[in-house]
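Undergrad:
Chains as they are written, first to last, in the working numbering: chain A, 4 to 263; chain B, 4 to 306.
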């Protein structure tokens, strides 16, 4: 019982240190919300100025774009920022050493970072999704809007996509001990290298091992378009699980062994 | 706390070389050494922050690192300097530390903030704290778990005289009023002499002396200081005594080396019989600083 209470307190302590970092939270929110607001605002102005040439800013078509922004581009960027801060923030502040000398297991210190970061990450993603959803319906005009089941599926997919990236970022940050290195490396991988590799048909089935390919494959049907890589759901889930197992495990190992 | 032959090597370099220490319970123990002498490395081994290359250690009677978690649950420590999240308030930083320590420690936050005199600034961000306040907040964090042993690495570093006095008083209170053991590493000899009961001197990774402060500063050669109403007469009376060596004037009195401590009584008797009024007669004390410099290799190099 005491262990559970301690675990819960450690998680909320990590949430506290993340959410109270105002500049960081502002950056994360800006990364997620600003593109939605800018794109929607631009579309609203265009539609208002020339309704015949430009479709309304909401509706199903814009909803698909919202999902891309939140699940493929800016959502993962925010997830990387949050994961890097959760994974290496205590090292950067020098507090990791003070936590270690309490005698608390280093593995417990590492594990507490994951749910804490996910709480923040999912809250930010959820807020972005809510704003986007409001725009989808509010500016739909006569366009079709997403069904309740599609919204639920999309929400689950967004949560999965960003949670996976965030957890991997925690692992990498814990492994390297560097926030800037993790942010630069993972954003470069996620936004530049991985999409290029997904599109490289010469790689053949090797592309099945890419995180991006698996995440995009699982994107909900009616708004997903044709995925660049086809695989079974089982393989996609397996790929996600491998990514989730390997990098966080390396982070946990490094947290346990590093000189504090 | 005890170490036996504790050693730490970094490649070819030996940072701590077979250190054996015994830290008695309920005392303030000073661990003295120049910068780079191996003080922090030894503390890091004791706290399980780095592995020892050889030797063993027990903390509160428990072997570390084997029973590190149990031992450290009753230890509060600051290594190098207390680190905090600067964007959080003092109280929030303690809430985070309490969460890691365990649920029972949360209720002690107000108490420890009051104990170190930070209750009025607890709501301010740590980024706005002075170094002295951060040191006190560090001590508060140590006290959260109501520890039997506190390990403070260079607690006076960077403090102004007022801050040093505050920390010194706090340490003495922790020892005298609360019965805790406090282990302090420092290169500030004067502070250790004023604060600690027992000390060890480390140089080049080796402990070169340990014992009570009294023992460390005692003059083993048997130096005696005398003050009386007529220093010149006393000087001429004692000058011819073949058992007294190195007789000299010092600070308005006389200082001399004896063959045996028992001579002090005879000298007193000789002066009194000659009609002199002896106002002071005591074994000479050297400061810990003098003793430290005498022992450490830097003095050898300088010589």
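Glycine included, each C-beta is placed from N, C-alpha and C at the ideal position.
Bear in mind the structure is a predicted one, so any value in this text is a computation, not a measurement.
Taking one C-beta from the stretch 79–90 of chain A and one from the stretch 79–90 of chain B each time, how about it: are there three or more such pairs within less than 8 Å?
TA: no
Undergrad: Once you ignore the five residues that flank residue 247(B) on each side, which residues in its own chain have a CB closer than 6 Å to its CB?
TA: Here the set comprises 241, 259.
Undergrad: Using C-beta distances below 8 Å, list every residue in its chain close to residue 255(A), excluding the 5 sequence neighbours before and after it, in chain order.
TA: 110, 113, 114, 174, 177
Undergrad: Is it the case that the CB of residue 198(A) approaches a heavy atom of the ligand FAD more closely than 7 Å?
TA: Ligands are entirely absent from the displayed structure, and the ligand FAD is therefore not among its contents.
Undergrad: CB residue 39(B) to CB residue 205(B), shorter than 8 Å?
TA: no
Undergrad: Please report the straight-line C-alpha distance between residue 78(A) and residue 124(A), rounded to a whole angstrom.
TA: Cα to Cα, the separation comes out at about 9 Å.
Undergrad: Under 8 Å between C-beta atoms, does residue 98(A) make it to chain B?
TA: yes
Undergrad: Pull the bridge partners of residue 79(B) from the DSSP assignment, please.
TA: 153(B)
Undergrad: In the DSSP assignment, the beta strand (DSSP E) including residue 256(B) goes from what residue to what residue?
TA: For residue 256(B), the enclosing beta strand (DSSP E) begins and ends at 256–261.
Undergrad: Counting only the same chain and skipping the five closest in sequence on each side, list residues whose C-beta sits under 7 Å from that of residue 280(B).
TA: Only 231, 232 meet the Cβ criterion.
Undergrad: With distances taken between CB atoms, is the gap from residue 242(A) to residue 207(A) smaller than 8 Å?
TA: no
Undergrad: On the three-state DSSP scale, how would you describe residue 132(B)?
TA: coil
Undergrad: From 28(B), 148(B), 295(B), 42(B), pick the residue whose C-alpha is nearest to that of residue 157(B); which is it?
TA: 42(B)
Undergrad: So is residue 102(A) in contact with chain B if we call contact Cβ pairs under 8 Å?
TA: Yes, because at least one Cβ of chain B sits closer than 8 Å to the Cβ of residue 102(A).
Undergrad: Kindly identify the DSSP beta-bridge partner or partners of residue 32(B).
TA: 186(B), 201(B)
Undergrad: Tell whether a beta-carbon distance below 8 Å holds between residue 229(B) and residue 283(B).
TA: Yes, these two residues count as a Cβ contact at 8 Å.
Undergrad: Pairs of beta-carbons, one from the stretch 150–166 of chain B and one from the stretch 98–116 of chain B, closer than 8 Å: are there three or more?
TA: no
Undergrad: Leaving out five residues on either side along the sequence, give the residues of the same chain with a beta carbon under 8 Å from the beta carbon of residue 63(B).
TA: 4, 74, 77, 78, 151, 152
Undergrad: Who are the near neighbours of residue 143(A) in its chain, counting only those whose CB is closer than 7 Å to its CB and skipping five residues on each side?
TA: 59, 61, 62
Undergrad: In the DSSP assignment, the alpha helix (DSSP H) including residue 271(A) goes from what residue to what residue?
TA: Past the boundaries of the shown model lies residue 271(A); chain A is included only from 4 to 263, so the question cannot be answered.
Undergrad: Quick one: which chain A residues come within Cβ less than 9 Å of residue 82(B)?
TA: Under the 9 Å cutoff, chain A gives 100, 101, 104, 263.
Undergrad: If the cut is a Cβ gap below 8 Å, which residues of chain B does residue 19(A) touch?
TA: Within 8 Å Cβ-Cβ: 91, 95, 98, 99.
Undergrad: From residue 171(B) to residue 178(B), what does the alpha carbon distance come to, in whole angstroms?
TA: 11 Å
Undergrad: Quick check on residue 245(B): does DSSP put it in helix, strand or coil?
TA: coil
Undergrad: Determine the extent of the beta strand (DSSP E) in which residue 11(B) is found, giving its start and end residues.
TA: 5–13
Undergrad: Let's test the definition: count the other Cβ atoms within 10 Å of the Cβ of residue 187(B) and tell me whether it reaches 16, buried, or not, exposed.
TA: buried
Undergrad: Determine the burial state of residue 276(B): buried for a count of at least 16 other Cβ atoms within 10 Å of its Cβ, exposed for fewer.
TA: exposed
Undergrad: Residue 103(B) and residue 128(A) - do their beta-carbons sit closer together than 8 Å?
TA: no
Undergrad: On the criterion of 16 or more Cβ atoms from any shown chain inside 10 Å, does residue 263(B) qualify as buried, or is it exposed?
TA: Residue 263(B) should be labelled exposed.
Undergrad: On a Cα-Cα basis, can you pick out the residue from 278(B), 119(B), 91(B), 220(B) that is closest to residue 136(B)?
TA: With distances taken between Cα atoms, residue 136(B) lies closest to 119(B).
Undergrad: Identify whether residue 5(A) lies in helix, strand or coil by the three-state DSSP scheme.
TA: helix
Undergrad: Is it the case that the Cβ atoms of residue 226(B) and residue 286(B) are separated by a distance below 8 Å?
TA: yes
Undergrad: I need the boundaries of the alpha helix (DSSP H) containing residue 93(A), first residue and last residue.
TA: Looking at the DSSP string, the run of the alpha helix (DSSP H) that includes residue 93(A) is 77–96.
Undergrad: Residue 133(B) CB to nearest chain A CB: under 8 Å?
TA: Judged by the 8 Å Cβ criterion, residue 133(B) is not in contact with chain A.
Undergrad: Considering residue 60(B), what are the terminal residues of the alpha helix (DSSP H) in which it resides?
TA: First-last for residue 60(B): 57–62, but that is the beta strand (DSSP E), not the alpha helix (DSSP H).
Undergrad: With 8 Å as the C-beta to C-beta threshold (strictly closer), list the residues of the stretch 26–39 of chain B near chain A in chain order.
TA: none
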